[in-house]
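Okay, structure first, notes after.
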Amino acid sequence: VKEASIKITGTVPDWRFLEGVTVNVAVAHGLGNAKKVIERVKSGQGSYHFIEVMTCPGGCIGGGGQPRMTTNEVRKARIAAIYKEDEGKKLRKSHDNPEVKQIYAEFLGHPLGEKSHHLLHTKYKARPRV
3 VKEASIKITG
13 TVPDWRFLEG
23 VTVNVAVAHG
33 LGNAKKVIER
43 VKSGQGSYHF
53 IEVMTCPGGC
63 IGGGGQPRMT
73 TNEVRKARIA
83 AIYKEDEGKK
93 LRKSHDNPEV
103 KQIYAEFLGH
113 PLGEKSHHLL
123 HTKYKARPRV
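Note that my numbering numbers the sequence shown so that position 89 is 91, with each residue one more than the last.
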């Protein structure tokens with residue numbers, strides 16, 4: 003479970019009421035960790051504005067669309083390496099990427115539009131456990 007508190011600054015006029023507000027978030031990887039977050043909220047220990055639950059071990063990095071890991075240690079090492087690589091990048095948010103902006107402007111239209119949804123979104127498919 004990862005937790006973060008982010009103070010909102012530099013808001014646009016329509017969102018000025020959020021200026022200076024501290025937002026608390028939690029991210030749970032795996033259903034066991036989701037249960038821990040729920041228990042923290044129920045007990046009053048955790049007060050979050052947003053909770054993200056990713057059911058794959060380690061989040062999307064450990065998901066079904068990724069290479070199958072032979073051991074839990076290999077999965078953890080891969081996750082650590084990817085996070086370390088990401089930390090050093092100047093461009094870390096896909097919506098800030100000029101190439102992503104360009105493909106939306108020239109081809110996809112807009113995020114969550116019909117074309118982008120059809121081409122970029124996936125559907126759940128049950129996979130056997132390894």
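Where is the CB? At the ideal position from N, CA and C, for every residue including glycine.
- The beta carbon of F52 is closer than 6 Å to those of V27 in its chain, skipping five residues each way along the sequence.
- Three or more Cβ pairs drawn from the stretch 47-63 and the stretch 16-36 lie within less than 8 Å of each other, which places the two stretches in contact.
- Rounded to the nearest angstrom, the gap between the Cα atoms of N74 and E21 is 42 Å.
- In the displayed model, H31 falls within a strand according to three-state DSSP.
- Residue state for S49 is assigned as coil, using DSSP reduced to three classes.
- For P59 against R77, the beta-carbon gap comes to about 7 Å, under 8 Å, which counts as contact.
- Within the same chain, Cβ atoms closer than 8 Å to the Cβ of H112 are found at Y106, S118, the five residues on either side in sequence being excluded.
- Around the Cβ of G64, a 10 Å sphere holds 16 or more other Cβ atoms; the residue is buried.
- In terms of CA proximity to T72, R131 leads the group R131, K91, A6, G34.
- Its Cα nearest to that of T24, the residue E5 stands out among H97, E5, E89.
- Rounded to the nearest whole angstrom, the C-alpha separation of L121 and G67 is 16 Å.
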